[in-house]
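Student: One structure, pasted below without further comment.
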Amino acid sequence: MLRRPRRNRKNQVIRELVEENKVQTSDLIFPLFLLEGANKEIEVSSMPGIYRRTIDLLLKEIESCLKIGIKSFCIFPAIDEQHKDKYATYSYQPDNFYLKALSRIKKELTEAVLMTDVAMDPYSSDGHDGIVENGEIINDATLEVLSKMSVAQAEAGADIIGPSDMMDGRIGFIRNALDEAGFTNTSILSYAAKYASSFYGPFRDALDSAPKSGDKKTYQMNPANAKEALLEAQLDIEQGADILMVKPALPYLDVIKLLNENTQLPIAAYNVSGEYAMIKAAAFKGWLDGTLSMKECLLSIKRAGAKIILTYFAKEYAQSFQ
Ligand code: PBG
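With numbering that gives the first Met the number 0 as the guide, the letters of the sequence shown map in order to residues 0 to 321.
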């Protein structure tokens, strides 16, 4: 036998020499949930280890993450019903606690890179990512709301704007609005291929943001389609996106690979709430080794072609090397 592939596996050092992929903490963005008020911390019941926190406690959490190498965060607000309306107007009001929190984080923890979420759903009384009229999601009028929200977030100090709504034409519309307001350096990470997935369930529990009627299938993509992701990616590139994201990650590794091989932008993947919950639930039952399964899943996302991974495991992953 001339070819013995096992020679390259004979000990840990050699295995590491020939290792093709590695997940580094600097590849990760940690999604965090923000609550209004002070001194409150509530665990998300379907996401053990993940909390919704008020800004005072969130600052402490971010500080402890920075110390172990997690430097990028995507902040999502949990909005009280009283602030919600049909047009998500609270999303761009200057006294909005989310915008104030972003400014505070940027001021007190200058090392932190902040990504935001641009979509109407946490602020919408209909629980949809766009304006609802007669049961339909209205595309073009929604773009106005999204661009106001984006400019407000950039003003508050966001480094990366993350449109997650899947309206048509939003990237170009937001890019223009940001540029006109002077935010030419604010990046856009587009949720380019976001699928209508059942894996967002725990996230909607965390933010109480589930649609009040219907589903999101007229704007989020059909899980059956891969070629359509190329079209979405191409449009977002033409409209000025800096980074393209595929979401969820694990059931869509083929789409991550497809976009990585066919575009010139860095690819991100969102290892979503349901993917986190599955591993946690199985580990809790003793059916899987939680840490090893986490590492294998993150590695598979990287191997598929994602340079950046948004994951609720970010802190746990970094801690596993401490
Ligand atoms: C909302 C948004 C969702 C997620 C991120 N932004 C949920 C949805 O589209 O209903 C899901 C993230 C996760 O499940 O971890 N625009």
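Backbone N, C-alpha and C fix where the C-beta goes; we use that ideal spot for every residue, glycine too.
Quick one: give me the first and last residue of the alpha helix (DSSP H) that N138 is part of.
Tutor: Position 139 of the sequence shown, counted from the first residue, corresponds to residue 138. That run of the alpha helix (DSSP H) goes N138 to A155.
Student: With 16 other CB atoms within 10 Å as the buried threshold, where does S197 fall?
Tutor: On the sequence shown, residue 197 is found 198 positions in, with the first residue counted as 1. Exposed: under 16 other Cβ atoms inside 10 Å.
Student: Considering V12, what are the terminal residues of the alpha helix (DSSP H) in which it resides?
Tutor: Walking along the sequence shown from the start, residue 12 turns up at place 13. Unbroken alpha helix (DSSP H) run through V12: Q11 to L16.
Student: I'd like to confirm something about R52: is its beta-carbon nearer than 8 Å to some heavy atom of ligand 1, or not?
Tutor: Here residue 52 is taken as the residue at index 53 of the sequence shown, counted from 1. Answer for R52: no, Cβ out of range of ligand 1.
Student: Quick one: any contact between the stretch 173-192 and the stretch 146-164, if contact means 3 or more CB pairs under 8 Å?
Tutor: yes
Student: Taking 8 Å as the cut-off, is the CB of F96 close to at least one heavy atom of ligand 1?
Tutor: Reading the sequence shown from its first residue, position 97 is the one you call residue 96. False, no ligand heavy atom lies under 8 Å from that Cβ.
Student: Is the closest heavy atom of ligand 1 to the C-beta of R169 under 8 Å?
Tutor: The sequence position of residue 169 within the sequence shown is 170, counting from 1. No - ligand 1 has no heavy atom lying nearer than 8 Å to the Cβ of R169.
Student: Take M165 as the anchor and find which of I159, G181 and N138 has the nearest alpha-carbon.
Tutor: Mapped onto the sequence shown, residue 165 falls at position 166. The shortest Cα separation from M165 among I159, G181 and N138 belongs to N138.
Student: Determine which residues share a DSSP beta bridge with S189 and list them.
Tutor: Here the question's residue 189 lines up with position 190 in the sequence shown. Looking at the DSSP assignment, S189 forms a beta bridge with L243.
Student: With hydrogens ignored, establish whether the beta-carbon of Y311 is closer than 8 Å to any heavy atom of ligand 3.
Tutor: Ligands present in the displayed structure are limited to ligand 1, and ligand 3 is not among them.
Student: By DSSP, does P76 sit in helix, in strand, or in coil?
Tutor: Position 77 of the sequence shown, counted from the first residue, corresponds to residue 76. Strand.
Student: Output the distance between the C-alpha atoms of A313 and R3, rounded to the nearest integer angstrom.
Tutor: In the sequence shown, the residue the question calls residue 313 occupies position 314. In the sequence shown, the residue the question calls residue 3 occupies position 4. Each residue's alpha carbon lies about 37 Å from the other.
Student: Mind listing, in chain order, the continuous beta strand (DSSP E) runs of no fewer than 3 residues lying wholly within the stretch 91-137?
Tutor: 112-117, 130-132 and 135-137
Student: Since T217 and I136 should fall inside the 8 Å C-beta cutoff, what is the C-beta to C-beta distance between them, to a whole number of angstroms?
Tutor: As a position in the sequence shown, residue 217 is number 218, starting the count at 1. As a position in the sequence shown, residue 136 is number 137, starting the count at 1. Correct: roughly 6 Å between the Cβ atoms.
Student: Output yes or no for whether 9 Å exceeds the beta carbon distance between A305 and N259.
Tutor: Taking the sequence shown and counting its residues from 1, the one referred to as residue 305 is at position 306. Taking the sequence shown and counting its residues from 1, the one referred to as residue 259 is at position 260. The answer is yes: Cβ separation under 9 Å.
Student: Per DSSP, L31 is paired with what?
Tutor: In the sequence shown, the residue the question calls residue 31 occupies position 32. Note: L31 sits in a beta bridge opposite I74.
Student: So does G213 have its beta carbon nearer than 8 Å to some heavy atom of ligand 1?
Tutor: For the purposes of this step, residue 213 is taken as the residue at position 214 of the sequence shown. Every heavy atom of ligand 1 is 8 Å or more from the Cβ of G213, so no.
Student: Use the C-beta contact count for P93: other C-beta atoms within 10 angstroms, 16 or more gives buried, fewer gives exposed.
Tutor: As a working mapping, residue 93 is identified with position 94 in the sequence shown. Label assigned to P93: exposed.
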